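Protein chains: 2
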Amino acid sequence: METENGARWLSDEEQRTWRTHLEVSRLLTYQLERDLQPFGLTYNDYEILVNLSEAEDHQMRMSDLARATLQSKSRLSHQITRMENAGLVRRENCESDRRGLFAVLTDYGWETMKRVAPHHVAAVREHFIDLLSPQGLESLQAALEPVAKHLRGARGRA
Amino acid sequence: METENGARWLSDEEQRTWRTHLEVSRLLTYQLERDLQPFGLTYNDYEILVNLSEAEDHQMRMSDLARATLQSKSRLSHQITRMENAGLVRRENCESDRRGLFAVLTDYGWETMKRVAPHHVAAVREHFIDLLSPQGLESLQAALEPVAKHLRGARGRA
DNA sequence: TTGAATTCATTCAATATTCAACTTAATTTG
DNA sequence: CAAATTAAGTTGAATATTGAATGAATTCAA
Chain A
1 METENGARWL SDEEQRTWRT HLEVSRLLTY QLERDLQPFG LTYNDYEILV
51 NLSEAEDHQM RMSDLARATL QSKSRLSHQI TRMENAGLVR RENCESDRRG
101 LFAVLTDYGW ETMKRVAPHH VAAVREHFID LLSPQGLESL QAALEPVAKH
151 LRGARGRA
Chain B
1 METENGARWL SDEEQRTWRT HLEVSRLLTY QLERDLQPFG LTYNDYEILV
51 NLSEAEDHQM RMSDLARATL QSKSRLSHQI TRMENAGLVR RENCESDRRG
101 LFAVLTDYGW ETMKRVAPHH VAAVREHFID LLSPQGLESL QAALEPVAKH
151 LRGARGRA
């Protein structure tokens, strides 16, 4: 039950749970991505729309948006360029910090969000939420929140 | 509580749980990927090594491997080419079906696996398993297994 | 207050992924 | 059994992502 250098292997139950979590997380992303395809959006596009939609004035600084969506600045920069070409967002200068830029939701972006969100939520229900019992929901949150907290911290200590 | 087209939004608790799950799944992948970097492996590399290590004769058909690791045949093909160049696997013809190929773990691939696995397992413990209480572990499995089952099915019905 | 370090964001080149087209082999069917 | 269909896998071009380098504005510190 110990590896040669002293690390402890996973028990059968631990391994099963770990693999289930992994599988769910992969298949779910895959499925939700597919449910967004008919609307011409990737999951990444959608997440950015969500963030901007919930932000004050429908705008966020590039850095904040990158942090919120867990992507590198470089990746976000490309991503926003694409979404800009698609008419969903635009860049706007920041007066208080002239290095900075805002990504701003366009009217079309906001309309798109309002149109797509119900379908996305329905998919989240169908493939996840509605498959959990009330206790399932509750215990999931209870189990995962500490993990999330730990990982948020670990992310900083890069 | 209803969207215009009749879909039901998520309750606060549902939303919280959903977002926590999403966050954990993203940050965890990110973290494990980072823990593998010092060994010169991506998570994708590692998963393929795991699959081959557990397979009979350390070999699998390309299609099966693609299915097991949830990637397209094309992606796997490129991936295996890279791993072949890195000396971790090799391709071998399949006699019974001459269209087919096996991806086979090389000695070096197997040595790599034995060397890296303990560190990976330790990371899985540190960032996930050891943060769950015994009930946490159990209820997680209980909650997620039906979701996994559902999604496995949905995947087929593409 | 000036020079050094940091932050914001982009760009370019190297990698990786996707998608459609293709080749070859196996299977089906009329 | 011949033609059509399906399956296994690869390829190449288009697209996306990564990581290092860059430029420009801000902050820090002596």
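One line per chain: the protein sequences are A and B, in this order. One point on numbering: in UniProt numbering, the residue at position 21 of the first sequence is 21, and numbering is uninterrupted. One point on numbering: in UniProt numbering, the residue at position 149 of the second sequence is 149, and numbering is uninterrupted. Heads up, the beta-carbon is just placed ideally off N, CA and C, and yes, glycines get one too. Small disclaimer: the values here were computed from a predicted structure and weren't measured.
- prompt: Going along chain A, which residues have a C-beta under 7 Å from Glu145(B)?
  reply: Locating residue 145(B) in the second sequence gives position 145, counting from the first residue. Correct list: Thr20.
message: I'd like to know if Pro118(B) contacts chain A, where contact means its C-beta is closer than 7 Å to some C-beta of that chain.
response: As a first step, residue 118(B) is located in the second sequence; it is residue number 118 there, counting from the start. Closer than 7 Å to some Cβ of chain A, the Cβ of Pro118(B) qualifies, so yes.
- prompt: Can you give the Cα-Cα distance for Asp35(B) and Ala68(A), rounded to whole angstroms?
  reply: Here the question's residue 35(B) lines up with position 35 in the second sequence. Here the question's residue 68(A) lines up with position 68 in the first sequence. Each residue's Cα considered, the two are about 22 Å apart.
message: Using the three-state DSSP reduction, which class does Gln71(A) fall into: helix, strand or coil?
response: One-based indexing of the first sequence puts residue 71(A) at position 71. Three-state result, Gln71(A): coil.
- request: Can you say whether Lys72(A) is buried or exposed, counting buried as having 16 or more other CB atoms within 10 angstroms of its CB?
  value: As a first step, residue 72(A) is located in the first sequence; it is residue number 72 there, counting from the start. Per the sequence shown, the amino acid found at residue 72(A) is Ser instead of Lys. Exposed, since its Cβ has fewer than 16 Cβ neighbours within 10 Å.
task: Compute the beta-carbon to beta-carbon distance between Met62(B) and Asn51(B), rounded to the nearest angstrom, for a pair I have assumed lies under 8 Å.
output: For the purposes of this step, residue 62(B) is taken as residue 62 along the second sequence, with counting starting at 1. For the purposes of this step, residue 51(B) is taken as residue 51 along the second sequence, with counting starting at 1. Their Cβ separation, rounded to whole angstroms, is 12 Å, which puts Met62(B) and Asn51(B) out of contact at 8 Å.
Beta-carbon proximity list for His58(A), same chain, < 7 Å, skipping 5 on both sides: In the first sequence, counting from the first residue as 1, residue 58(A) sits at position 58. So the qualifying residues of the chain are Leu52, Val104, Leu105 and Trp110.
task: Just the C-alpha distance for Leu132(B) and Thr112(A), rounded to the nearest angstrom, thanks.
output: What you label residue 132(B) is simply residue 132 of the second sequence in a count that begins at 1. What you label residue 112(A) is simply residue 112 of the first sequence in a count that begins at 1. About 39 Å.
DSSP bridge partner residues for Met60(B) (one or two, in chain order): As a position in the second sequence, residue 60(B) is number 60, starting the count at 1. Partner(s): Ala103(B).
query: Looking at the C-beta of Ala154(B), does it have a partner C-beta in chain A at a distance below 7 Å?
result: Position 154 of the second sequence holds residue 154(B). By this cut-off, Ala154(B) is an interface position.
Neighbour list for Ile129(B) in chain A, Cβ cutoff strictly below 7 Å: Position 129 of the second sequence holds residue 129(B). For Ile129(B), the neighbours in chain A by C-beta distance under 7 Å run, in chain order, Leu10, Glu14 and Trp18.
Chain A residues whose Cβ lies nearer than 9 Å to that of Leu140(B): On the second sequence, position 140 is the one that residue 140(B) refers to. The answer, in chain order, is Thr17, Thr20, His21, Ser139, Leu140, Ala143 and Leu144.
- prompt: What are the complete beta strand (DSSP E) segments, minimum 3 residues, inside the UniProt domain "HTH marR-type" (14 to 149) of chain A?
  reply: 59 to 61, 89 to 93 and 101 to 105
message: With three or more beta-carbon pairs closer than 8 Å as the criterion, would you say the segment 40 to 50 of chain B touches the segment 4 to 18 of chain B?
response: A contact between stretches requires three or more CB pairs, one per stretch, nearer than 8 Å, and the segment 40 to 50 of chain B fails this requirement with the segment 4 to 18 of chain B.
- request: Please name the residues in the segment 74 to 88 of chain B whose beta-carbon is closer than 7 Å to at least one beta-carbon of chain A, in chain order.
  value: So nothing in the stretch comes that close.
field: Partner residues on chain A for Val121(B), Cβ-Cβ distance less than 9 Å
entry: What you label residue 121(B) is simply residue 121 of the second sequence in a count that begins at 1. The answer, in chain order, is Thr3, Ala7, Arg8, Trp9 and Leu10.
query: Which residues in the same chain as Tyr108(B) place their Cβ atom closer than 7 Å to its Cβ, once the five residues preceding and following it in sequence are excluded?
result: Mapped onto the second sequence, residue 108(B) falls at position 108. For Tyr108(B), where only same-chain residues beyond five positions count, the Cβ hits under 7 Å are Gly87 and Leu88.
Collapsed DSSP secondary structure at Trp9(A) in the structure displayed: The residue given as residue 9(A) occupies position 9 in the first sequence. If DSSP states are grouped into helix, strand and coil, Trp9(A) belongs with coil.
- prompt: So, is the C-beta of Arg67(A) closer than 7 Å to a C-beta in chain B?
  reply: Here residue 67(A) is taken as the residue at index 67 of the first sequence, counted from 1. It does not: the Cβ of Arg67(A) has no partner Cβ on chain B nearer than 7 Å.
query: Looking at C-beta atoms only, is the number of pairs between the segment 133 to 142 of chain A and the segment 111 to 125 of chain A that lie closer than 8 Å three or more?
result: no
query: Would you report the Cα separation of His150(A) and Gln15(B), rounded to the nearest angstrom?
result: Along the first sequence, read from residue 1 onward, the residue named residue 150(A) stands at position 150. Along the second sequence, read from residue 1 onward, the residue named residue 15(B) stands at position 15. Their Cα atoms are separated by approximately 20 Å.
query: For chain A, is any of its Cβ atoms less than 7 Å away from the one on Leu151(B)?
result: Counted from its first residue, the second sequence places residue 151(B) at position 151. Yes, contact with chain A.
field: Ser139(A) versus Leu76(B) - alpha carbon distance
entry: As a working mapping, residue 139(A) is identified with position 139 in the first sequence. As a working mapping, residue 76(B) is identified with position 76 in the second sequence. Going from the Cα of Ser139(A) to the Cα of Leu76(B) covers about 36 Å.
message: Can you tell me whether Gln31(B) is buried or exposed? The criterion is at least 16 other CB atoms within 10 Å of its CB, across all chains shown.
response: Residue 31(B) sits at position 31 when you count from the first residue of the second sequence. Around the Cβ of Gln31(B), a 10 Å sphere holds 16 or more other Cβ atoms; the residue is buried.
- prompt: Within 10 angstroms of its Cβ, does Ser25(A) collect 16 or more other Cβ (buried), or is it exposed?
  reply: Taking the first residue of the first sequence as 1, we reach residue 25(A) at position 25. It counts as buried.
Whole-angstrom distance between Asn85(B) and Glu47(B), CA atom to CA atom: To locate residue 47(B), count along the second sequence from 1; it is residue 47. To locate residue 85(B), count along the second sequence from 1; it is residue 85. Cα-Cα distance, rounded: 17 Å.
query: Alpha carbon to alpha carbon, how far is Gly153(A) from Glu13(A)?
result: Reading the first sequence from its first residue, position 153 is the one you call residue 153(A). Reading the first sequence from its first residue, position 13 is the one you call residue 13(A). The alpha-carbon atoms of Gly153(A) and Glu13(A) are separated by roughly 27 Å.
- request: Could you tell me which chain B residues have their CB closer than 8 Å to the CB of Val124(A), listed as they occur along the chain?
  value: By 1-based counting over the first sequence, the position of residue 124(A) is 124. Simply Leu10 and Trp18.
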